[in-house]
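J.: Questions regarding the structure given below will be posed in turn.
In my numbering, the protein residues as written are 2 to 115.
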């Protein structure tokens, strides 16, 4: 898709899409429409299988599954979606095998020097 970065090829780490103006776009119906648009435009990308979805989003019909996290930046950590986003990212990262690999400490120092 024209919107998906070309370096996301499906072998990438998990990723999230975040909508940062929920205070300005607050309608659950609009969130559902945005989520549907993202799905339609991006689902054919090989990277799509690695997306972390928002499972506690609420649309006009109750609860729903969104393909992005609609957050209200004015609320910061008090926004429940920001809290879910943080939990979801931590959970996804903890499941990744590369996070569990042991590497020599010298490698980490070299990485820091870069």
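Cβ coordinates follow ideal geometry from the N, Cα and C atoms, glycine included.
Note that the coordinates shown come from a computational prediction; the quantities given were computed from them, not determined experimentally.
#1: Could you tell me the alpha carbon to alpha carbon distance between residue 40 and residue 73, rounded to whole angstroms?
#2: Going straight from the alpha carbon of residue 79 to that of residue 65, what length do you get?
#3: Can you list, in chain order, the residues of its chain whose CB lies under 8 Å from that of residue 16, leaving out five sequence neighbours each side?
#4: For residue 44, which three-state DSSP category applies?
#5: For residue 69, which residues in the same chain have their Cβ closer than 7 Å to its Cβ, ignoring the five residues on either side in sequence?
#6: For residue 14, does the three-state DSSP call read helix, strand or coil?
T.: So, from the data block:
#1: 21 Å
#2: 21 Å
#3: 9, 48, 51, 52, 53
#4: coil
#5: 18, 19, 20, 35, 36, 39, 55
#6: coil
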